[in-house]
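**Student:** With the numbering used here applied, the sequence shown covers 1 to 63.
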Amino acid sequence: MKNLLYFIAFICSFNAISQTKVSGHIFDENNDPVAFANVIFKGSSISTITNENGRFYLESDET
């Protein structure tokens, strides 16, 4: 039973390591939020847009 718990913990930690999560705010030169801007992981098709406050969140299974 103890070995099974170690195995499950190992698999869960491996899965958590192989994820990339990015969040942030986009502001212009006047320090105003940029609403509905495109944000993309370079070299991929994973993207999102900022909300009306310039905030975004991206998540990928790749590192």
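Just so it is clear, CB atoms sit at the ideal spot from N, CA and C, and this is done for glycine as well.
Predicted model, so just to flag it, every value in this text is computed and none were measured.
Measuring only the C-alpha atoms, how far is S60 from V39?
**Tutor:** Annotation: S60 to V39 spans about 13 Å, alpha carbon to alpha carbon.
**Student:** Whose C-alpha, out of T63, T50, Q19 and Y57, is nearest the C-alpha of P33?
**Tutor:** Taking only the C-alpha atoms, the option nearest P33 is T50.
**Student:** At 3 residues or longer, and completely inside the segment 12-46: list those beta strand (DSSP E) runs for me, N to C.
**Tutor:** 20-25 and 38-40
**Student:** Exposed or buried, F36, counting other C-beta atoms within 10 Å across all chains shown (16 or more means buried)?
**Tutor:** Exposed is the call here.
**Student:** Between which residues of its own chain and G54 is the CB-CB distance below 7 Å, once the five residues before and five after are set aside?
**Tutor:** Here the set comprises H25, I26, F27, P33, V34 and A35.
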